[in-house]
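Engineer: Residue numbers (full-length UniProt numbering): 1 to 853.
The C-beta atom is built at its ideal place from N, Cα and C for all residues, glycine as well.
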Ligand code: ARG
Ligand code: ZN
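Below you can see the structure in the form of structure tokens.
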């Protein structure tokens with residue numbers, strides 16, 4: 001129903017208002033009679049008063065449900081129903097609640113609750129989707145034992161926990177572990193399994209399955225291996241064993257996010273689990289391995305110990321991201337993983353933390369919790385845990401984690417609980433450290449050095465700029481890992497962690513024979529912006545000598561950024577000294593090819609825009625693009641003589657394997673091809689495209705051909721080859737927009753939205769095209785506003801169907817105040833147009849409101 005009336009302001013929820021629910025639940029029995037248009041859900045729930053809660057009315061969440069009947073202790077009742085849920089008079093003591101509701105999974109385009117994807121039923125309940133399935137206290141601190149019966153003629157019927165009775169047209173499931181409703185899941189469909197088995201360290205056998213649509217069986221093997229490695233790793237590194245007889249993973253094509261850790265029944269966006277060498281890139285394989293690990297690790301950090309309320313989201317997400325990062329570092333190259341993570345953090349979290357959407361790792365209020373599944377909660381949340389581990393040391397960290405699992409198993413916990421186990425395990429006072437959870441914004445750290453009479457000192461000053469609602473910040477605890485290098489490049493002081501706690505603090509190093517060169521924030525020990533006046537010579541020295549692989553890479557990155565700054569603002573030539581240093585490093589065959597490939601990838605254009613803005617220069621996206629092009633061209637020319645040798649080094653003769661070693665070589669090969677294409681116009685890329693037998697090389701060749709404006713035939717051939725594969729077609733759609741020349745990106749995106757295979761209701765496809773546009777920096781920011789307009793048009797359109805995905809993509813506008821007045825006007829107008837849309841969702845209303853404020 002459309003309603004043109006002005007929108008009512010959405011309600012804001014506050015952390016400070018937390019109140020426990022008035023009842024506890026002993027057990028929940030659910031029966032699903034599945035039908036696309038009229039599924040019946042019967043619930044039987046035993047409630048008993050919660051002695052720890054204040055008196056309150058009996059309220060159950062429920063949205064978009066048709067109540068058929070409700071009864072208390074067998075007597076029919078008539079609850080009072082609103083669009084948020086129901087209230088009902090209930091007995092003083094324990095009682096049995098029964099309700100039957102009807103829902104229409106086929107009509108559910110928001111992909112939240114029970115919905116259909118390609119003929120299969122599936123669910124997504126985190127954060128607040130269960131209330132679209134039945135009336136329930138849909139909050140993470142209400143935990144219960146679930147027993148589920150599914151009635152349907154579909155061959156595969158799955159839910160959480162262990163399998164129970166099954167027969168013609170039904171299956172039953174029982175989950176012995178108490179859980180909140182957001183971990184509920186149900187899947188029904190015509191699926192096939194890729195089965196395996198895992199023996200836990202205490203000798204229990206677990207049946208493992210990856211369930212897919214017929215035809216996708218061949219894309220499961222890698223995910224299954226990743227799952228088994230994750231299970232083993234969590235036993236070895238965290239002492240955590242799996243706790244059910246089965247572990248099921250299901251691949252779903254229509255999914256708002258990456259994946260979901262439902263107890264014993266993880267549901268994955270098919271793009272995050274299905275993989276084969278022909279259809280997936282090395283990057284896809286690595287990401288799939290990490291996401292499978294992430295969801296599996298949630299079994300302990302999220303499920304066995306869950307969150308008291310959604311403000312505590314980082315309790316499970318920050319920790320689980322940190323754990324999956326450790327896992328990947330162990331499986332692959334630790335330095336390369338660290339650099340990848342920091343690139344991601346700077347590209348996605350820093351803009352968030354330094355713009356209108358900034359919020360603390362533990363937010364204090366929200367309108368729509370789905371808007372807070374952010375890089376801040378996830379990735380900065382993981383950084384905070386990394387800092388904690390750095391401060392207390394690996395051993396104390398392990399001790400604190402053991403205490404956490406011991407003490408809070410079965411709990412819905414808080415950040416206070418989490419910090420308390422560290423305080424008890426280490427005797428440390430973490431009250432100042434806790435500011436990392438409450439203060440938004442990226443701390444700026446200035447470092448000045450002094451050298452007098454053989455004493456070297458560093459003066460460290462910190463300040464965090466204001467963020468929405470937080471004008472003043474107090475000093476934070478910053479673990480600053482520092483090493484000192486002598487004039488000949490030897491490390492004279494190995495890495496030590498300076499604990500910065502004051503606004504200004506001085507650290508001294510004595511007994512040095514000569515003035516050293518500092519290597520600061522090694523391994524990116526704290527998620528800060530380091531502000532320090534350094535000479536190019538000093539950075540070049542670090543690029544040549546630093547023993548810390550992260551800082552060595554970062555020195556190069558800073559030199560590249562500085563060079564681009566000079567090119568953009570003063571029309572300078574590319575920095576030849578930096579290119580010399582880079583060349584020496586890349587020529588060093590003792591270094592990992594993956595690492596050298598990272599060295600060759602320059603800063604992104606949005607990172608450059610951010611840098612210019614920070615240095616007081618209004619970023620001009622076209623100028624940034626052309627400077628980046630000139631630098632890439634100069635680099636290619638400089639490396640020309642080296643390319644044949646590098647290409648030989650990058651070549652892989654063994655059969656394709658998505659492991660760290662081979663992917664590193666292919667990454668170097670892609671960097672070489674990109675340089676080669678700038679020299680030969682696409683000749684080598686065409687040859688690689690024609691010969692490629694894996695997606696990594698096929699796609700890297702296609703990317704170069706698009707950049708060289710020579711991709712017509714290749715795009716057509718790629719389409720011919722892959723039109724039947726949804727995941728590969730997402731790449732085809734995304735790449736054409738993402739790699740397009742800026743002047744054409746918006747037009748190409750617009751044209752692709754008219755393509756037969758542009759299924760805009762599928763979040764992956766929508767993101768491929770519109771997200772691809774947002775990622776093409778100069779293309780999105782085209783001066784006439786075509787990029788802004790196209791994105792806004794589609795977000796407005798998607799909002800009615802899938803507010804969650806639409807709202808997430810609003811963040812493309814979050815940096816709008818960085819740009820010139822004309823672009824600001826254009827972006828503001830589009831944001832206002834979204835804000836004025838009739839029936840704007842709460843999700844989008846909140847995002848646009850925050851971005852404009
Ligand atoms: N807990 C999931 C994960 O990080 C993410 C699910 C978020 N879903 C949502 N609708 N907000 O693995
Ligand atoms: Zn997670």
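(1) Would a C-beta distance cut-off of 8 angstroms place residue 357 and residue 851 closer than the cut-off?
(2) Jot down the residue ranges of each uninterrupted alpha helix (DSSP H) in the segment 743-799, minimum 4 residues, whole runs only, in chain order.
(3) So does residue 463 have its beta carbon nearer than 7 angstroms to some heavy atom of the ligand ARG?
(4) Within the same chain, show all residues whose beta-carbon is closer than 6 angstroms to that of residue 43, passing over the 5 residues directly before and after it, in chain order.
(5) Counting C-beta neighbours from all protein chains within 10 Å, is the total for residue 14 16 or more, i.e. buried, or is it exposed?
(6) Once you ignore the five residues that flank residue 473 on each side, which residues in its own chain have a CB closer than 6 angstroms to its CB?
(7) Can you tell me whether residue 317 sits near the ligand ZN, meaning its C-beta is under 7 angstroms from at least one heavy atom of the ligand?
(8) May I ask which residues mark the beginning and end of the alpha helix (DSSP H) holding residue 477?
(9) I'd like the span of the alpha helix (DSSP H) that includes residue 214, first residue to last.
(10) Go through its chain and collect everything with a Cβ distance to residue 589's Cβ below 8 angstroms, but skip five positions before and after it.
(11) Under DSSP, the beta strand (DSSP E) around residue 170 begins and ends at which residues?
(12) Provide the residue(s) that pair with residue 449 in DSSP beta bridges, ordered along the chain.
(13) Mind checking which residues open and close the beta strand (DSSP E) that includes residue 556?
(14) Using beta-carbon positions only, say whether residue 263 and residue 157 come within less than 8 angstroms of one another.
(15) May I ask you to list the residues that DSSP assigns as paired with residue 151?
(16) Among the candidates 121, 170, 304, whose CA atom is the shortest distance from the CA of residue 176?
(17) Please classify residue 502 as buried or exposed, where buried requires at least 16 neighbouring CB atoms within 10 angstroms.
(18) Residues in the same chain with beta-carbon distance under 7 angstroms from residue 109, minus the five sequence neighbours each way, listed in chain order, please.
(19) So what does DSSP say about residue 123, is it helix, strand or coil?
(20) Residue 549: which of 567, 370, 594 sits nearest, CA to CA?
(21) Which residue marks the beginning of the alpha helix (DSSP H) containing residue 117, and which one marks its end?
(22) Flag residue 64 as yes when its Cβ comes closer than 7 angstroms to any non-hydrogen atom of the ligand ARG, and as no otherwise.
(23) By how many angstroms is the C-alpha of residue 186 removed from the C-alpha of residue 854?
(24) Can you tell me whether residue 629 sits near the ligand ZN, meaning its C-beta is under 7 angstroms from at least one heavy atom of the ligand?
(25) Once you ignore the five residues that flank residue 115 on each side, which residues in its own chain have a CB closer than 6 angstroms to its CB?
(26) Using a Cβ-based criterion (distance less than 7 angstroms to any ligand heavy atom), does residue 375 qualify as near the ligand ARG?
(27) Where residue 516 and residue 569 are concerned, what is the direct C-alpha to C-alpha distance, given to the nearest angstrom?
(28) State buried or exposed for residue 385, treating a residue as buried only when at least 16 other CB atoms are found within 10 Å of its CB.
(29) Give a yes or no on whether the C-beta atoms belonging to residue 579 and residue 634 are separated by under 8 angstroms.
(30) Flag residue 306 as yes when its Cβ comes closer than 7 angstroms to any non-hydrogen atom of the ligand ZN, and as no otherwise.
(31) Taking 8 angstroms as the threshold (C-beta atoms), are residue 137 and residue 412 in contact?
(32) In three-state terms, what does DSSP make of residue 669?
(33) What I want to know is whether the C-beta of residue 383 ends up closer than 7 angstroms to one or more non-hydrogen atoms of the ligand ZN.
(34) Does the distance from the C-beta atom of residue 396 to that of residue 425 stay below 8 angstroms?
(35) Is residue 127 near the ligand ARG - that is, is its Cβ less than 7 angstroms away from at least one heavy atom of it?
(36) Report the residue ranges of all alpha helix (DSSP H) runs contained in full by the segment 307-354; include only those spanning at least 4 residues, in chain order.
Structural biologist: Let me lay it out:
(1) To locate residue 357, count along the chain shown from 1; it is residue 357. To locate residue 851, count along the chain shown from 1; it is residue 851. For residue 357 and residue 851, yes; Cβs fall inside 8 angstroms.
(2) Secondary structure in the segment 743-799: the alpha helix (DSSP H) runs of 4 residues or longer, each lying completely within the stretch, are 763-766, 772-775, 777-780, 786-799 in chain order.
(3) Here residue 463 refers to the residue found at position 463 when the chain shown is read from its first residue. Placement of the Cβ of residue 463 at a distance of 7 angstroms or more from every heavy atom of the ligand ARG is found.
(4) Your numbering for residue 43 matches position 43 in the chain shown. Apart from the 5 residues on each side of it in sequence, residue 43 sits with its Cβ closer than 6 angstroms to the Cβ of 30, 99, 134 in its chain, given in chain order.
(5) Numbered from its first residue, the chain shown carries residue 14 at position 14. So residue 14 counts as exposed.
(6) As a working note, residue 473 is residue 473 in the chain shown. Non-local C-beta neighbours of residue 473 in its own chain, meaning closer than 6 angstroms and more than five positions away in sequence, comprise 439, 464, ordered along the chain.
(7) The residue given as residue 317 occupies position 317 in the chain shown. Within the cutoff, so yes.
(8) Within the chain shown, residue 477 is the residue found at index 477, counting from 1. Unbroken run through residue 477: none, as it is neither H nor E.
(9) Indexing the chain shown from 1 puts residue 214 at position 214. From DSSP, residue 214 is part of no alpha helix (DSSP H); its letter is neither H nor E.
(10) Working through the chain shown from its first residue, we reach residue 589 at position 589. 649.
(11) As a first step, residue 170 must be located in the chain shown, where it is residue number 170. Per DSSP, residue 170 belongs to the beta strand (DSSP E) from 170-179.
(12) On the chain shown, position 449 is the one that residue 449 refers to. Per DSSP, the beta-bridge partners of residue 449 are 458.
(13) Residue mapping note: residue 556 aligns to position 556 of the chain shown, counting from 1. Segment 549-570 is the alpha helix (DSSP H) holding residue 556; no beta strand (DSSP E) there.
(14) The residue you call residue 263 lines up with position 263 of the chain shown. The residue you call residue 157 lines up with position 157 of the chain shown. No; because the gap between Cβ atoms is not below 8 angstroms, this pair is not in contact.
(15) Reading the chain shown from its first residue, position 151 is the one you call residue 151. Its beta-bridge partners are 33, 170.
(16) In the chain shown, residue 176 corresponds to position 176, counting from 1. Closest option to residue 176, Cα to Cα, is 304.
(17) For the purposes of this step, residue 502 is taken as the residue at position 502 of the chain shown. By the neighbour-count rule (16 or more Cβ atoms within 10 Å), residue 502 is not buried but exposed.
(18) Reading the chain shown from its first residue, position 109 is the one you call residue 109. Its chain contains 761, 801, 802 as the residues whose beta carbon lies nearer than 7 angstroms to that of residue 109, once the 5 sequence neighbours on both sides are disregarded; these appear in chain order.
(19) In the chain shown, the residue the question calls residue 123 occupies position 123. In the structure shown, residue 123 falls within a strand segment according to DSSP collapsed to helix, strand and coil.
(20) Here residue 549 is taken as the residue at index 549 of the chain shown, counted from 1. Closest option to residue 549, Cα to Cα, is 594.
(21) Start at 1 with the first residue of the chain shown, and residue 117 comes out as number 117. Where residue 117 is concerned, there is no enclosing alpha helix (DSSP H), although the beta strand (DSSP E) it sits in stretches over 113-117.
(22) As a position in the chain shown, residue 64 is number 64, starting the count at 1. Checking every heavy atom of the ligand ARG against the Cβ of residue 64, none is found closer than 7 angstroms.
(23) Any question about residue 854 goes unanswered here, given that the chain covers just 1 to 853.
(24) Taking the first residue of the chain shown as position 1, residue 629 is located at position 629. Checking the Cβ of residue 629 against the ligand ZN gives no.
(25) Here residue 115 refers to the residue found at position 115 of the chain shown. Residues 105, 108 of the same chain have their beta carbon placed closer than 6 angstroms to that of residue 115, with the five preceding and five following residues left out of the count.
(26) The residue given as residue 375 occupies position 375 in the chain shown. Answer for residue 375: no, Cβ out of range of the ligand ARG.
(27) Counting from one through the chain shown, the residue named residue 516 turns up at place 516. Counting from one through the chain shown, the residue named residue 569 turns up at place 569. Straight-line spacing of the CA atoms in residue 516 and residue 569 works out to 32 angstroms.
(28) Counting from one through the chain shown, the residue named residue 385 turns up at place 385. Buried, since its Cβ has 16 or more Cβ neighbours within 10 Å.
(29) Residue numbering aside, residue 579 sits at position 579 when the chain shown is read from its first letter. Residue numbering aside, residue 634 sits at position 634 when the chain shown is read from its first letter. In this structure, the beta-carbon distance from residue 579 to residue 634 falls below 8 angstroms.
(30) Residue 306 sits at position 306 when you count from the first residue of the chain shown. A distance criterion of 7 angstroms places the beta-carbon of residue 306 beyond contact range of the ligand ZN, judged by its closest non-hydrogen atom.
(31) As a working mapping, residue 412 is identified with position 412 in the chain shown. As a working mapping, residue 137 is identified with position 137 in the chain shown. In this structure, residue 412 lies away from residue 137, with their beta-carbon atoms at least 8 angstroms apart.
(32) Numbered from 1 along the chain shown, position 669 holds the residue referred to as residue 669. DSSP, read as helix, strand or coil, puts residue 669 in helix.
(33) Stepping through the chain shown from its first residue, residue 383 is reached at position 383. No, Cβ of residue 383 sits at least 7 angstroms from all heavy atoms of the ligand ZN.
(34) Within the chain shown, residue 396 is the residue found at index 396, counting from 1. Within the chain shown, residue 425 is the residue found at index 425, counting from 1. Taking 8 angstroms as the Cβ cut-off, residue 396 and residue 425 qualify as a contacting pair.
(35) Position 127 of the chain shown, counting from 1, holds the residue named residue 127. Residue 127 has its Cβ nearer than 7 angstroms to a heavy atom of the ligand ARG.
(36) Segments of the alpha helix (DSSP H) lying fully in the segment 307-354: 313-331, 334-344, 350-353.
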